[in-house]
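Colleague:
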Amino acid sequence: MVSVCIQQDKGRYITSKECQNDDHCLRHVSPDTCCAFWDPKGALNVCKKLGEWQQLCQVTPQDIPYPFGGRKITWVCPCGVDLTCRPLLPGAKFGTCQLI
Numbered sequence: 182m183v184s185v186c187i188q189q190d191k192g193r194y195i196t197s198k199e200c201q202n203d204d205h206c207l208r209h210v211s212p213d214t215c216c217a218f219w220d221p222k223g224a225l226n227v228c229k230k231l232g233e234w235q236q237l238c239q240v241t242p243q244d245i246p247y248p249f250g251g252r253k254i255t256w257v258c259p260c261g262v263d264l265t266c267r268p269l270l271p272g273a274k275f276g277t278c279q280l281i
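Read left to right, the sequence shown gives residues 182 to 281 (my numbering).
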């Protein structure tokens, strides 16, 4: 597993691990991570933290099992424990992580 340092918006840098699937992240980083695209363009998969309360989430990936053994086609992790992704508007693809 390779560590990568990537610049986020506002000039901040973070270090993450490149990954192939959720199991890589769970074993090598933390039990509250998943493997997802670094950004919406999908050039690189990295370990990211599961969504926290009121963070942006993608509604459709909630149907993808977690942990998922294959390559994800999303750039956000599912919401964390006791949270669910509620759409911003009816039928919206994006929402926020809210208490179940």
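Glycine included, every Cβ here is placed at the ideal spot set by N, Cα and C.
#1: Indicate the three-state DSSP secondary structure (helix, strand or coil) for residue 206 in the structure shown.
#2: The beta strand (DSSP E) that contains residue 229, what's its start and end?
#3: Among all the DSSP beta bridges, which residues are the ones paired with residue 252?
#4: Can you give me the Cβ contacts of residue 192 inside the same chain, cut-off strictly under 7 Å, excluding the 5 residues immediately before and after it?
#5: Here's the rule: buried if 16 or more other CB atoms are within 10 angstroms of the residue's CB, otherwise exposed. What is residue 185?
Modeller: Taking the coordinates as given:
#1: Along the sequence shown, one-based indexing puts residue 206 at 25. DSSP places residue 206 within a helical segment (H, G or I) once states are collapsed to three.
#2: Here residue 229 refers to the residue found at position 48 when the sequence shown is read from its first residue. Looking at the DSSP string, the run of the beta strand (DSSP E) that includes residue 229 is 226 to 230.
#3: Position 71 of the sequence shown, counting from 1, holds the residue named residue 252. According to DSSP, residue 252 shares a beta bridge with no other residue.
#4: One-based indexing of the sequence shown puts residue 192 at position 11. Low local confidence applies: a pLDDT of 47 at residue 192 is under 50, so the model's placement there is unreliable, and no value is given.
#5: As a position in the sequence shown, residue 185 is number 4, starting the count at 1. Any reading at residue 185 must be qualified, since the residue scores a pLDDT of 48, below 50, and its modelled position is unreliable; the value itself is stated next. Under a 10 Å Cβ-count criterion, residue 185 is classified as exposed, with fewer than 16 other Cβ atoms of the shown protein chains found around its own Cβ.
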